[in-house]
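K.L.:
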Ligand code: PEP
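Numbering (this note's numbering), first residue to last: 215 to 471.
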């Protein structure tokens, strides 16, 4: 973390979990456990159907609400889809773009990721852009080249003045939901690479202000070590964000003075 130049963000990604009533129970528990985080921003990315309730439930504590996806068009004949504009009007602040599960199951490509980044920024949302390699790609030794390519694609035609709204999440696919975590050094190296790509595209001032998270089985045991890396500015957390006690422990790890 480097709080001098950029925000530390701890974001939960609930995926397809929690009904409305479970969301209410979670909110009560989280509020009873969580103080007012001073040094980091807390975000919960929840299923579309829970967004409206979540913005209400978390209004009085410092938790911003995010969505887990959006469409790249602002409206039109796209049955079942939701636009960034629709999310904005509900009070959503962040939107996860290009999560590996969407790349794997729903044909998300680097091209659609770029279009969605533009749609999110246009609507006034902060995209959390996910990039990451598979185990095979890591073993082939192409991780840093692949990440460079993904970051460049995601940012194509994004102007420098919009970059302060963009968040990246380095999420090695082999670490998501598997219990396997990248070592702090591996996470630090890739997050540093993401910043280097941004620096080459936009210059040092822009690059040092961008939040780069790590995601992939982050939990209360490994959070502190991962967050100690200078280029790891928070976490995108799946499993552990479903349990208020674990999520709060990770927030506390990011919130130490
Ligand atoms: C995620 O869904 O982005 C994620 C990192 O999941 P988990 O923490 O469960 O690995």
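Ideal Cβ placement from N, Cα and C applies to all residues, glycine included.
Just so it is clear, the structure is predicted and the values come from calculations on it, not from any experiment.
Determine the DSSP secondary structure at residue 311, reduced to helix, strand or coil.
P.N.:
strand
K.L.:
Mind checking which residues open and close the beta strand (DSSP E) that includes residue 226?
P.N.:
Taken as a continuous stretch (DSSP letters only), the beta strand (DSSP E) holding residue 226 covers 222 to 227.
K.L.:
Out of curiosity, what's the CA-to-CA distance linking residue 332 and residue 399?
P.N.:
32 Å
K.L.:
Should residue 230 be counted as a contact of the ligand PEP given a C-beta to heavy atom distance under 7 Å?
P.N.:
For residue 230, the shortest separation between its Cβ and any heavy atom of the ligand PEP does not lie below 7 Å.
K.L.:
Under 7 Å from any heavy atom of the ligand PEP, does the C-beta of residue 385 make it?
P.N.:
yes
K.L.:
Residue 283: beta carbon under 7 Å from a heavy atom of the ligand PEP?
P.N.:
no
K.L.:
Taking the C-alpha atoms as reference points, what is the distance between residue 330 and residue 448?
P.N.:
22 Å
K.L.:
For residue 438, which residues in the same chain have their Cβ closer than 7 Å to its Cβ, ignoring the five residues on either side in sequence?
P.N.:
467
K.L.:
Look at the Cβ atom of residue 257, then the Cβ atom of residue 280, and state whether they are nearer than 8 Å.
P.N.:
yes
K.L.:
Any heavy atom of the ligand PEP inside 7 Å of the beta-carbon of residue 390?
P.N.:
yes
K.L.:
What is the DSSP secondary structure of residue 417, reduced to helix, strand or coil?
P.N.:
Residue state, collapsed to three classes: coil.
K.L.:
By how many angstroms is the C-alpha of residue 432 removed from the C-alpha of residue 392?
P.N.:
11 Å
K.L.:
Out of curiosity, what's the CA-to-CA distance linking residue 363 and residue 411?
P.N.:
9 Å
K.L.:
Taking the alpha helix (DSSP H) that residue 340 falls in, what are its first and last residues?
P.N.:
Taken as a continuous stretch (DSSP letters only), residue 340 belongs to no alpha helix (DSSP H), being part of the beta strand (DSSP E) at 340 to 345.
K.L.:
Is any heavy atom of the ligand PEP found at a distance shorter than 7 Å from the C-beta of residue 452?
P.N.:
yes
K.L.:
Beta-carbon within less than 8 Å of residue 234's beta-carbon, same chain only, minus the 5 sequence neighbours each way: which residues are those?
P.N.:
263, 264 and 267
K.L.:
Which stretch, first to last residue, makes up the alpha helix (DSSP H) that contains residue 470?
P.N.:
Unbroken run through residue 470: none, as it is neither H nor E.
K.L.:
If you pair each beta-carbon of the stretch 242 to 260 with each one of the stretch 285 to 296, do three or more pairs fall below 8 Å?
P.N.:
no
K.L.:
Among 343, 284, 369 and 341, which residue has its Cα nearest to the Cα of residue 413?
P.N.:
Measuring from the Cα of residue 413, the nearest candidate turns out to be 369.
K.L.:
Distance, Cα to Cα, residue 309 vs residue 255?
P.N.:
15 Å
K.L.:
Among residues of its own chain, excluding the 5 on either side of residue 292, which ones have a beta-carbon nearer than 7 Å to its beta-carbon?
P.N.:
285
K.L.:
In the DSSP assignment, what residue or residues form a beta bridge with residue 478?
P.N.:
As shown, the chain starts at 215 and ends at 471. That puts residue 478 outside it, with no answer to give.
K.L.:
Taking the alpha-carbon of residue 381 as reference, which of 303, 372 and 250 has the nearest alpha-carbon?
P.N.:
A check of alpha carbon separations from residue 381 across 303, 372 and 250 identifies 372 as the nearest.
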